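Residue numbers for the sequence shown follow this note's numbering, beginning at 12 and rising by one. This report refers to the structure that appears directly beneath it.
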Amino acid sequence: MTARVPATALSAVLVALLACEPTPVPAAAPAVPSAAARAPAQLARGDVADVAVSDGRAAARLAAPSGEERFLLVIGSTRLVPDPGSYAYRVEAGAPRPTALSPARQTCSLTAAEAGANRPAVPADVPRARAGSAPAVGATRTFQLRARGGGSTAVPTRAVAVGESSVVWADASREHPAVLDAAFAAEFLADFEKLILPRARTVFGAESDVDGDGRIALFFTPLTAEAAVAFFSGCDLAPEGTCPNSNRAEVLYLTPPNAIRPPYNTPRAVKEILAHELEHLIHHNRKVVKNGSREDRDSAYMLEGFGALAQDVVGFQAGNLYVTKAGLDDIDDFSLGAVVSEDGEYDKARDGALRGGAYLFVRWLYDHAGGDRVSPEGVIEDRGGPSLVRALLDAPAPIAAELPRRAGASMSDLMMDFYTTLGHDPRLLPNPCFAYLPTRKDPLTERQRGADPFASFHGQQMEGAAARKPGGDGKIRAGGVELVPLPPPAKGEVAFTVEVAPEAAARVRVIRLR
Numbered sequence: 012m013t014a015r016v017p018a019t020a021l022s023a024v025l026v027a028l029l030a031c032e033p034t035p036v037p038a039a040a041p042a043v044p045s046a047a048a049r050a051p052a053q054l055a056r057g058d059v060a061d062v063a064v065s066d067g068r069a070a071a072r073l074a075a076p077s078g079e080e081r082f083l084l085v086i087g088s089t090r091l092v093p094d095p096g097s098y099a100y101r102v103e104a105g106a107p108r109p110t111a112l113s114p115a116r117q118t119c120s121l122t123a124a125e126a127g128a129n130r131p132a133v134p135a136d137v138p139r140a141r142a143g144s145a146p147a148v149g150a151t152r153t154f155q156l157r158a159r160g161g162g163s164t165a166v167p168t169r170a171v172a173v174g175e176s177s178v179v180w181a182d183a184s185r186e187h188p189a190v191l192d193a194a195f196a197a198e199f200l201a202d203f204e205k206l207i208l209p210r211a212r213t214v215f216g217a218e219s220d221v222d223g224d225g226r227i228a229l230f231f232t233p234l235t236a237e238a239a240v241a242f243f244s245g246c247d248l249a250p251e252g253t254c255p256n257s258n259r260a261e262v263l264y265l266t267p268p269n270a271i272r273p274p275y276n277t278p279r280a281v282k283e284i285l286a287h288e289l290e291h292l293i294h295h296n297r298k299v300v301k302n303g304s305r306e307d308r309d310s311a312y313m314l315e316g317f318g319a320l321a322q323d324v325v326g327f328q329a330g331n332l333y334v335t336k337a338g339l340d341d342i343d344d345f346s347l348g349a350v351v352s353e354d355g356e357y358d359k360a361r362d363g364a365l366r367g368g369a370y371l372f373v374r375w376l377y378d379h380a381g382g383d384r385v386s387p388e389g390v391i392e393d394r395g396g397p398s399l400v401r402a403l404l405d406a407p408a409p410i411a412a413e414l415p416r417r418a419g420a421s422m423s424d425l426m427m428d429f430y431t432t433l434g435h436d437p438r439l440l441p442n443p444c445f446a447y448l449p450t451r452k453d454p455l456t457e458r459q460r461g462a463d464p465f466a467s468f469h470g471q472q473m474e475g476a477a478a479r480k481p482g483g484d485g486k487i488r489a490g491g492v493e494l495v496p497l498p499p500p501a502k503g504e505v506a507f508t509v510e511v512a513p514e515a516a517a518r519v520r521v522i523r524l525r
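Below you can see the structure in the form of structure tokens.
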């Protein structure tokens, strides 16, 4: 989690969603029905076609000569607002007034060439430790732990492990001391400096160094658990005098393992959380500090999507798989509006769906920009994914505003391609425009790198995005998606009509699954 200046560190979930509704992203322009549109369309297995929407209505006839063909509708609302409201829709058999059906889509809205994979793989501004700035093991200092309601607690600490780029500090108070095993502290710092930090720098860029010591403070205190297992506060990076009780240093606030409930108290689980929070620290530096901004205008779930990507690409993905499954299982509650809307905050009622969906969206962007490659030695090589990520983080504009420029595609096309990917089954369909890159086992951590909507993990099985029964449930969220299977065809064709409230600014696609 992260915190916007000067708010306290975000921890659980907040509910104050914006009430205003900006102008929706325009849907695809309706086409005039033609003779071709009125004849059954021929789609090969894996083909994806857009169905023109006119006044909230789309209809088509699809050829099904064998009767074994299966089709899935992707109904997306392009009204990208954070409001969790829904719009009515219905899907009916028959197409008395067909609208135009586009040719099968053969191109992707985002590719490595369009994203531009030409940035250096290693950032040039990695902070360097200042000579003589390293504290000795046993040195003391005081950190300010800011409270949600204002004010702060002064926490005395002791350095228990010191490295070239970080220091492990433990709460040394009598009231709430941090219990840190010496072996754990040494291993934790070594993995952070040799694996977590270098990989995060390669993908996301370098962190700031506001205090000039070239080191990140890994601050363990049981008090962290009152807010979250771990967090980062942007207040610590704010200009001098602009944020009360700032530590004016790169600080990651962590809960000691003995104060975390199982199964999240293992060293690997803590390192996965650390990778997430480190991304927030780097993200804040690239987007806010280096651009001289006062705050990050990206939504809470855009930030969480990038933090979850860090758990994945840094190599410690485990808990993130549960988040991914929640996004897929609860896709009906997901909305890209909550991700791309500026300043959007947390939604407690839909938190799992929004976190999981945000990760899946960010990972989809990463993969379609080219992704990465990990050498046998564990070094991440930029294939386009890190280039896109760093371009988005370094731009002064919010990510959602910068993304269409970098991708060379409208947000409407990007979101429909993403939603189509969620309805696509790479085990059956040959279309690479609508699939994630294959997952790989990390050579150092042996964890899964990448997203697989059909992965087996920890005794559980992902089943892809949850499709509705034929006909759907009649409601689509603003900026959300409905995946609706068409009933089995009869008499050599299947015809359908979709009617959606015009306010949803809907687009409709059809996928031939088999």
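All residues carry an ideal CB built from backbone N, CA and C; glycine is no exception. All values reported here derive from a predicted model rather than from experimental measurement.
Spatial neighbours of residue i within its chain, please: CB distance less than 7 angstroms, with the 5 preceding and 5 following residues excluded, ordered by chain position.
i	result
Met426	Gly87, Thr89, Leu347
Glu218	Pro138, Ile227, Glu261, Leu292, Ile293, Asn296
Thr122	His379
Arg400	With the sequence shown as reference, residue 400 is identified as Val, and Arg is not the correct amino acid for it. These residues qualify, in order along the chain: Val214, Phe215, Tyr377.
Ser163	Gln155, Leu156, Arg157, Asn256
Phe345	Gly338, Ala364, Leu365, Gly368, Gly491
Pro409	Arg308, Asp309, Glu353
Ser113	Ala60, Asp61
Ala39	With a pLDDT of 45 at Ala39, under the threshold of 50, the modelled position of this residue cannot be trusted; read the value that follows with caution. These residues qualify, in order along the chain: Asp61, Ala63, Val64, Arg518.
Trp375	Phe429, Thr432, Tyr447
Phe317	Glu290, His294, Val373
Cys31	Its pLDDT being 31, under 50, Cys31 is placed unreliably in this model, and the value from its coordinates should be taken loosely. Once the five neighbours on either side are set aside, Cys31 has no close Cβ partner at all.
Gly57	Leu440, Pro441, Asn442, Arg523
Measure the beta-carbon distance from residue i to residue j and round it to whole angstroms, keeping in mind my assumption that it falls under 8 angstroms.
i	j	result
Ala462	Thr335	6 angstroms
Arg417	Leu404	The pair is not a contact, with the Cβ atoms about 11 angstroms apart (cut-off 8 angstroms).
Phe215	Glu290	6 angstroms
Leu439	Leu524	6 angstroms
Ala489	Val85	Not really, about 16 angstroms apart at Cβ, beyond 8 angstroms.
Glu175	Ala140	6 angstroms
Tyr370	Leu320	6 angstroms
Pro278	Glu198	7 angstroms
Ala189	Phe231	4 angstroms
Pro513	Gly223	With 8 angstroms as the limit, Pro513 and Gly223 do not qualify as a contact, their Cβ atoms being about 57 angstroms apart.
Tyr100	Glu510	6 angstroms
Grab me the residues of residue i's own chain with a C-beta within less than 6 angstroms of its C-beta, minus the 5 sequence neighbours each way, in chain order.
i	result
Ala74	Pro51, Gln53, Glu504
Pro17	Only weak support is given to the placement of Pro17: the predicted model assigns it a pLDDT of 35, under 50, and the value that follows is read from those uncertain coordinates. The answer, listed in chain order, is Cys246, Cys254.
Ala145	Val173
Gly526	One cannot answer for residue 526 here, as it falls past the ends of the chain, which runs 12 to 525.
Ile391	Arg210, Thr213, Asp383, Val385
Ala47	Bear in mind that a pLDDT of 44 at Ala47, under 50, signals an unreliable position, so the number given afterwards is only what the model happens to contain. Result list for Ala47: empty, nothing under 6 angstroms.
Leu322	Reading off the sequence shown, one finds Gln at residue 322, where the question assumed Leu. Within the same chain, Gln322 has close Cβ partners Glu283, Ala286, His287, Gln328, Asn331.
Ala466	Met473
Thr508	Ala70, Glu103, Ala106
Phe445	Thr431, Thr432, His435
Val24	A caution first: Val24 carries a pLDDT of 29, below 50, which makes its placement in the model too unreliable to give a value.
Ile342	Ala476, Ala477
Arg169	Thr151, Ala181, Ala183
Could you tell me if the beta carbon of residue i falls within a distance shorter than 7 angstroms of some heavy atom in the ligand MN?
i	result
Ser244	Here there are no bound small molecules, and the ligand MN is not part of this structure.
Taking the beta strand (DSSP E) that residue i belongs to, which residues open and close that run?
i	result
Tyr264	262 to 265
Pro443	No beta strand (DSSP E) contains Pro443, which DSSP labels as neither H nor E.
Thr164	163 to 173
Gln328	First-last for Gln328: undefined, no H or E at that position.
Gly87	82 to 88
Ala145	Segment: none, Ala145 is in no beta strand (DSSP E) and carries neither H nor E.
Ile391	391 to 393
Thr177	The displayed chain sequence assigns Ser, not Thr, to residue 177. Segment 177 to 182, the beta strand (DSSP E) holding Ser177.
Ala74	68 to 74
Arg152	151 to 157
Arg259	No beta strand (DSSP E) holds Arg259; DSSP gives it neither H nor E.
Leu54	Premise fails: Leu54 is in no beta strand (DSSP E) and is neither H nor E.
Tell me the residue span of the alpha helix (DSSP H) that contains residue i.
i	result
Tyr430	422 to 434
Lys486	It is not in any alpha helix (DSSP H) - Lys486 instead sits in the beta strand (DSSP E) that spans 486 to 488.
Val281	278 to 295
Ile271	Per DSSP, Ile271 belongs to no alpha helix (DSSP H) and is neither H nor E.
Glu306	Where Glu306 is concerned, there is no enclosing alpha helix (DSSP H), given that its DSSP letter is neither H nor E.
Between residue i and chain B, is the shortest Cβ-Cβ distance under 8 angstroms, so that the two count as touching?
i	result
Ala369	Chain labels in this structure do not include chain B; a single protein chain is all it has.
I'd like the list of long-range same chain contacts for residue i, defined as Cβ closer than 8 angstroms, with 5 residues on each side in sequence excluded.
i	result
Ser177	Leu200, Phe203, Glu204, Leu208, Arg226, Ile227, Ala228, Leu229
Segment contact flag, the stretch 465 to 482 with the stretch 490 to 499, C-beta cutoff 8 angstroms, min 3 pairs:
Yes, since at least three Cβ pairs between the stretch 465 to 482 and the stretch 490 to 499 fall closer than 8 angstroms, the two stretches touch.
What residue ranges within the stretch 347 to 384 form continuous alpha helix (DSSP H) runs of no fewer than 4 residues, ordered along the chain?
Runs found: 348 to 351, 362 to 379.
So does the stretch 145 to 158 actually touch the stretch 194 to 203, counting three or more Cβ pairs closer than 8 angstroms?
The stretch 145 to 158 vs the stretch 194 to 203: no contact.
Would the stretch 232 to 241 and the stretch 262 to 274 be scored as touching if the rule is three or more Cβ pairs under 8 angstroms?
Judged by Cβ distances under 8 angstroms, the stretch 232 to 241 makes contact with the stretch 262 to 274, as three or more pairs qualify.
Does the count of Cβ pairs from the stretch 419 to 434 and the stretch 352 to 361 closer than 8 angstroms reach three?
Look at the beta carbons and you see the stretch 419 to 434 not touching the stretch 352 to 361: under three pairs across the two are nearer than 8 angstroms.
Inter-stretch contact (C-beta, 8 angstroms, three-pair minimum) for the stretch 300 to 309 and the stretch 318 to 331
The stretch 300 to 309 is not in contact with the stretch 318 to 331.
Restricting to runs no shorter than 4 residues, where is the alpha helix (DSSP H) found entirely within the stretch 184 to 232?
Runs of the alpha helix (DSSP H) inside the stretch 184 to 232: 193 to 202, 208 to 215.
Whole beta strand (DSSP E) elements within the stretch 458 to 484, 3-residue minimum:
For the stretch 458 to 484, not a single whole beta strand (DSSP E) run of length 3 or above is found.
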